[in-house]
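For the record, the sequence lines run as chains A and B. Per the working numbering, the first sequence starts with residue 584, numbered consecutively. Per the working numbering, the second sequence starts with residue 7, numbered consecutively. Yeah, the Cβ is synthetic: ideal placement off N, Cα and C, and Gly gets one too. These figures come from a predicted structure and were not determined experimentally. Report on the following structure.
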Amino acid sequence: MDSAVEEVEILLVEDNPTDAELCIRALKKNNLANKLVWVKDGAEALDFIFATGTFVRRPVGSGPKVILLDLHLPKVSGMEVLRRVKSDEHTRTIPVVVLTSSKEDRDVAESYQLGVNSYISKPVEFDEFAKTVSELGLYWLLVNHPPVLPK
Amino acid sequence: MSDWHSIPRSNKGAWLILLVGLLATGYFGYSVKSDIDLVVQRQFASDCDAIQLKIEGRLQAHKQVLLGGAALFDASDSVDRNEWHAYSERVEIDQHFNGIQGLGFSLLIPKHRLAQHTSEIRRQGFPKYTVSPAGERDVYSSIIYLEPFKDRNLRAFGYDMYSEPVRRAAMEQARDKNIVSLSGKVMLVQETGKDVQAGTLMYVPVYRKATPVRTVEQRRAALYGWVYSPFRMADLLHDVLKGRDASERSYLRLQVYDGLNTNPDNLLYGSTGNRKGAPSIAVLATLERHLDFNGKKWNIHFDLLQGSVSGIDYSKAWMILVGGASLSILSFFLMLSYLNTRRNAALIADELIAESRKASQYARSLIEASLDPLVTISAEGKITDVNRATEKVTGRSRSELIATDFSDYFTDPDKAREGYREVFAKGSVTDYPLAIRHWDGHITEVLYNASVYHDESGDVVGVFAAARDVTERSKAEAALRKNEHFLDSLIEHLPNMLFVKDAKDLKFVRFNKAGEALLGYTRDELLGKSDYDFFPGDQADFFISKDREIIARREMLDIADEPISTKFLGQRYLHTRKIPVFADDGSPLYLLGISEDITERKKADEQLRRSEHGLAEAQRIARLGNWELDLVNNTLTWSDEIYRIFEIDPEQFGASYQAFLDTIHPDDREMVNSAYADSVKNRKPYDIVHRLLMKDGRVKYVNEKCETYFGEDGNPLRSVGTVHDITAQKVAEIALTALKDDLENRVRARTTELEAANKELEAFSYSVSHDLRTPLRAIDGFSHILLEDYAGKLDGEGKRLLNVVRDNTSRMGQLIDDILKFSRAGRLELTFSEIDMESMAREVCEELRPTDGHELQVEIGHLPPAMGDRAMMRQVFVNLLSNAIKFSRAKEGARIEMGSSAGENETVYFVKDNGAGFDMQYSDKLFGVFQRLHSVTEFDGTGIGLAIVKRIVTRHGGRVWAEGKVNEGATVYFSLPSKEKDHG
Numbered sequence: 584m585d586s587a588v589e590e591v592e593i594l595l596v597e598d599n600p601t602d603a604e605l606c607i608r609a610l611k612k613n614n615l616a617n618k619l620v621w622v623k624d625g626a627e628a629l630d631f632i633f634a635t636g637t638f639v640r641r642p643v644g645s646g647p648k649v650i651l652l653d654l655h656l657p658k659v660s661g662m663e664v665l666r667r668v669k670s671d672e673h674t675r676t677i678p679v680v681v682l683t684s685s686k687e688d689r690d691v692a693e694s695y696q697l698g699v700n701s702y703i704s705k706p707v708e709f710d711e712f713a714k715t716v717s718e719l720g721l722y723w724l725l726v727n728h729p730p731v732l733p734k
Numbered sequence: 007m008s009d010w011h012s013i014p015r016s017n018k019g020a021w022l023i024l025l026v027g028l029l030a031t032g033y034f035g036y037s038v039k040s041d042i043d044l045v046v047q048r049q050f051a052s053d054c055d056a057i058q059l060k061i062e063g064r065l066q067a068h069k070q071v072l073l074g075g076a077a078l079f080d081a082s083d084s085v086d087r088n089e090w091h092a093y094s095e096r097v098e099i100d101q102h103f104n105g106i107q108g109l110g111f112s113l114l115i116p117k118h119r120l121a122q123h124t125s126e127i128r129r130q131g132f133p134k135y136t137v138s139p140a141g142e143r144d145v146y147s148s149i150i151y152l153e154p155f156k157d158r159n160l161r162a163f164g165y166d167m168y169s170e171p172v173r174r175a176a177m178e179q180a181r182d183k184n185i186v187s188l189s190g191k192v193m194l195v196q197e198t199g200k201d202v203q204a205g206t207l208m209y210v211p212v213y214r215k216a217t218p219v220r221t222v223e224q225r226r227a228a229l230y231g232w233v234y235s236p237f238r239m240a241d242l243l244h245d246v247l248k249g250r251d252a253s254e255r256s257y258l259r260l261q262v263y264d265g266l267n268t269n270p271d272n273l274l275y276g277s278t279g280n281r282k283g284a285p286s287i288a289v290l291a292t293l294e295r296h297l298d299f300n301g302k303k304w305n306i307h308f309d310l311l312q313g314s315v316s317g318i319d320y321s322k323a324w325m326i327l328v329g330g331a332s333l334s335i336l337s338f339f340l341m342l343s344y345l346n347t348r349r350n351a352a353l354i355a356d357e358l359i360a361e362s363r364k365a366s367q368y369a370r371s372l373i374e375a376s377l378d379p380l381v382t383i384s385a386e387g388k389i390t391d392v393n394r395a396t397e398k399v400t401g402r403s404r405s406e407l408i409a410t411d412f413s414d415y416f417t418d419p420d421k422a423r424e425g426y427r428e429v430f431a432k433g434s435v436t437d438y439p440l441a442i443r444h445w446d447g448h449i450t451e452v453l454y455n456a457s458v459y460h461d462e463s464g465d466v467v468g469v470f471a472a473a474r475d476v477t478e479r480s481k482a483e484a485a486l487r488k489n490e491h492f493l494d495s496l497i498e499h500l501p502n503m504l505f506v507k508d509a510k511d512l513k514f515v516r517f518n519k520a521g522e523a524l525l526g527y528t529r530d531e532l533l534g535k536s537d538y539d540f541f542p543g544d545q546a547d548f549f550i551s552k553d554r555e556i557i558a559r560r561e562m563l564d565i566a567d568e569p570i571s572t573k574f575l576g577q578r579y580l581h582t583r584k585i586p587v588f589a590d591d592g593s594p595l596y597l598l599g600i601s602e603d604i605t606e607r608k609k610a611d612e613q614l615r616r617s618e619h620g621l622a623e624a625q626r627i628a629r630l631g632n633w634e635l636d637l638v639n640n641t642l643t644w645s646d647e648i649y650r651i652f653e654i655d656p657e658q659f660g661a662s663y664q665a666f667l668d669t670i671h672p673d674d675r676e677m678v679n680s681a682y683a684d685s686v687k688n689r690k691p692y693d694i695v696h697r698l699l700m701k702d703g704r705v706k707y708v709n710e711k712c713e714t715y716f717g718e719d720g721n722p723l724r725s726v727g728t729v730h731d732i733t734a735q736k737v738a739e740i741a742l743t744a745l746k747d748d749l750e751n752r753v754r755a756r757t758t759e760l761e762a763a764n765k766e767l768e769a770f771s772y773s774v775s776h777d778l779r780t781p782l783r784a785i786d787g788f789s790h791i792l793l794e795d796y797a798g799k800l801d802g803e804g805k806r807l808l809n810v811v812r813d814n815t816s817r818m819g820q821l822i823d824d825i826l827k828f829s830r831a832g833r834l835e836l837t838f839s840e841i842d843m844e845s846m847a848r849e850v851c852e853e854l855r856p857t858d859g860h861e862l863q864v865e866i867g868h869l870p871p872a873m874g875d876r877a878m879m880r881q882v883f884v885n886l887l888s889n890a891i892k893f894s895r896a897k898e899g900a901r902i903e904m905g906s907s908a909g910e911n912e913t914v915y916f917v918k919d920n921g922a923g924f925d926m927q928y929s930d931k932l933f934g935v936f937q938r939l940h941s942v943t944e945f946d947g948t949g950i951g952l953a954i955v956k957r958i959v960t961r962h963g964g965r966v967w968a969e970g971k972v973n974e975g976a977t978v979y980f981s982l983p984s985k986e987k988d989h990g
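Set out below in structure tokens:
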């Protein structure tokens, strides 16, 4: 993992390994998964983002360029992760895309209230799923122009 | 009377003596009476003079008193009320001179001084003083002092005598001539209306001091006022006459006139004497005297009345008359007696000889012995003989009667003569009624039996008549008739029916008016008939059997209530008393019956009984009792129902307030007691509910109401109230309350459960949406990867099988989505706003329009706006339109139509297609969850779309239904409440 620390572009927060695999595969098809870190729960996600716990040696403020966040997570929920990210001035500018099976209006509304940058519900069909994931990867990594973060 | 020639010659000497004696007596009597009359005339004149002098003397005495009063004014600077009072006290007017009404002073008041004068007198302590009569005059006078100042005299205080012409004339005369003057006839102001008498007033002028009074003008200028006295004439003159003794006064009538003539208007005083009807008594002598008092003339008129026993003594004249006449008559009778005796002696001698020849002494004595008056009458109608009874009944002697006409002695002589003729005609009469008049006027009623009698040769000589005195008998008969009439009248007017039956055959012999009116038959119809002629058999049997029973038992029977059929009044009820009447020998004579018609009373009793029964029944059914407390007599009465409610045996316990209190539940006693006490105290009715505690521990609830009535003095008279047993209602009410509480608890519990279930359902839905999709995605994803990465290793069948897996995954995903939508449609809260249905339909239509170039014609008609949840309503349109598109896709010339129609309280929208349609027999399945009418291969879909539509429309308060036909299309309708009616 250490090798990946320097240039993480995508932080994938997903507890379901099959979903994670499908997601990574879709990104790989477009060569977007080279600098991807996958964490399996909210607590690990927060450690990574705020350079605590196992990621304590990671320099704070060095990405990722985008966080793909599932909401239904063990330990710390996705919503809590989102809230923490968007309420800290150092992490607030990191784009967060919620990628979840839930189509509940309640979840959508709450996410946007907390400052999510995009909300995408995962289609059941793989073709569509693959297409969606690759599009959003392309968008956030290549099309979107993020602000320069002070070190 | 008989004349001179009819007197027997032998008696003429006696008559001559009588005539001469009487003439001499008359002459001497008359001359003595003339002497007496002369003496009486003189006495009368002297009496008159004495009375006149007394009147004049009295006037002079009053004059002196008045002059004394005037002198008092002359002698002092001013005379005040007290000084005047002192003067009058001194002369003691009210004691010495009866008739003088008072001694007064009248002040002259010029017009301009009137106001000042009035206020001066008022200041002296007479706040109400005014000069009367009121009105404008140039000069006033006012009686300012008048003693004694009390009683009638107070009425004269302030009176202006100068305003009245008669008084004024006298006042002016006194003023101008400076003399004591006497007024004409007046009515004094002191008169009260009782014992009104004529009055007169005497005036003396008072001039201001040191003012000349020689001429009339000077006197007029100097006048200050008048001292005066009012007199009531009758009182004055009664006093004058007081000295004469009563009998003397009663025969002397005194009249005093104002002026010289005797016009009744001017009569000042008239004594009528003491005898009743005096005016009609003859006047024996009259005298007039004139009285002059300083120019005022009175005419005093005296009458001497008849009957002056003590006034005229004629006894001497009478003595001469009576004595002389007696002597004459005595001489006359002595002479007559002498002559008669001589003549009678001769007659008796003759008669004795004749009688011995005629009837025997024996016969005569028999006739004389008869107590009935007997008389013989000659053929000419002259009485020839009578017996002593006849003398007695006529009051005349035999000798007086004989040879006189017999008819003269009857009250009705014509009738007597008629009877006499009848005797001659028939030879005899019997019981011929006549009335004999005694000389003193007394009448004797008699019945005559008479027959003719014959002489020896058989010729009719005369009539022999014998009378029988029937006066007593006819009096008794009259009394009897009167008594009978009284009894008849009593019976006739008795208000109850009275009848009498003959005891033998029980036929009616008597009926009164009330009986006729009751039965409806006249007594002519009734009398002589029996009960069987008028009444139904059984009734008549009853009456007759009772009659027989009474006669047999010989005592009265009281039949309290018997029915009887009447002609006009229908069935009546009688209270009858039947009484048997027996003859002296004990045999039954009559049956007397008295019947009172008690029909109305019976009806009233029956009605009252029924009404009381009805009330008691009503109370029993309603369980409502009433009571009344008489607070005056402290008696309490309860209706039967109260005893039942309180469960008190009326046989054992009477109504009492204590019994009532004892029945009340101990916890409520205080409340009930004070409710009643407060009600009486505040005069307000009360209406309370309280408990009763029965002996066996049961509790009853009663509603008690009470009002109290008060007397005019504010004291309570009686309280009336009701007690209503409401135990059943109360128990039901309590049960209902308990039930309600229980229900509420259960509802609360269920609500909690439901809320929990709802939460679970929500969690479940969330889990479905999130967790069920993930494995599906894995299945689909890894199948795909298999096809992609291992395509070379799979044959055609392997690839097909993997694609079947992927198709089903996709359908499963769709199913999950629809279930979530359905769940959400029922779960989410509605947010109402106005929806433009038409434009919403167009938007949805554009979204769903197939892009594969399939031809589809869509027509959207007018869709009125509605109130609803925008997102939900959109879902309705989406589902309906996508269904329509789906089912008509296969059709050539597919056509979809949308429109609406207005119902009563709702708007009906519809979506119609010409697609596959459906069989109407399954129409009820259309809106169920997972209900499909087509196979999945025919038309894809989960079968939830219409269920969602139904749920949404129902939640909006509308309805959903569908019509269709296989292969011809379907129409789905949904209604929404009209905008105004709902949420408007």
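Cβ-based burial, residue i [other Cβ within 10 Å; buried from 16]
{"i": "B:Gly283", "result": "Low confidence applies here, because B:Gly283 scores a pLDDT of 43, under 50, leaving its location unreliable and the question unanswered by this model."}
{"i": "B:Ala323", "result": "buried"}
{"i": "B:Phe549", "result": "buried"}
{"i": "B:Phe338", "result": "buried"}
{"i": "A:Val596", "result": "buried"}
{"i": "B:Tyr454", "result": "buried"}
Beta-carbon neighbours of residue i, restricted to chain B and to distances below 9 Å
{"i": "A:Asp710", "result": "Asp786, His790"}
Under 7 Å from the C-beta of residue i: neighbouring residues of chain A
{"i": "B:Leu782", "result": "Val707"}
{"i": "B:Ser816", "result": "Val707, Glu708"}
Sheet register partners of residue i (DSSP bridge)
{"i": "B:His730", "result": "B:Leu630, B:Asn709"}
{"i": "B:Met700", "result": "Paired residue(s): none; B:Met700 is not in a bridge."}
{"i": "B:Tyr320", "result": "Partner(s): none; B:Tyr320 has no beta bridge."}
8 Å Cβ cutoff met for residue i and residue j
{"i": "B:Gly19", "j": "B:Leu333", "result": "no"}
{"i": "B:His860", "j": "B:Ser906", "result": "no"}
{"i": "B:Leu532", "j": "B:Phe517", "result": "yes"}
{"i": "B:Arg259", "j": "B:Gln58", "result": "no"}
{"i": "B:Ile822", "j": "B:Leu862", "result": "no"}
{"i": "A:Val681", "j": "A:Val664", "result": "no"}
{"i": "B:Asn920", "j": "B:Arg901", "result": "yes"}
{"i": "B:Phe828", "j": "B:Ile954", "result": "yes"}
Under 9 Å by beta carbon: chain A residues contacting residue i
{"i": "B:Arg833", "result": "Simply none; closest approach about 11 Å."}
{"i": "B:Gly819", "result": "Pro706, Val707, Glu708"}
Chain-ordered neighbours of residue i on chain B, where CB pairs are closer than 7 Å
{"i": "A:Asp624", "result": "Those within 7 Å of A:Asp624 in chain B number zero; the least Cβ separation is about 16 Å."}
Is the number of C-beta pairs between the region 577 to 587 of chain B and the region 598 to 614 of chain B that are closer than 8 Å three or more?
By the criterion of at least three beta-carbon pairs nearer than 8 Å, the region 577 to 587 of chain B is in contact with the region 598 to 614 of chain B.
Would you check if the region 633 to 641 of chain A and the region 676 to 690 of chain A touch, i.e. whether three or more CB-CB distances between them fall below 8 Å?
They do not touch, by the three-pair rule.
For the pair the region 374 to 392 of chain B and the region 409 to 421 of chain B, tell me if three or more CB-CB distances fall below 8 Å.
Result yes; three or more Cβ-Cβ pairs closer than 8 Å.
Using a Cβ distance threshold of 8 Å, determine whether the region 138 to 153 of chain B contacts the region 179 to 188 of chain B, with at least three qualifying pairs required.
The region 138 to 153 of chain B makes no contact with the region 179 to 188 of chain B, as fewer than three CB pairs between them are under 8 Å.
The region 583 to 601 of chain B / the region 529 to 547 of chain B touching (three or more Cβ pairs under 8 Å)
Not touching, per the Cβ criterion.
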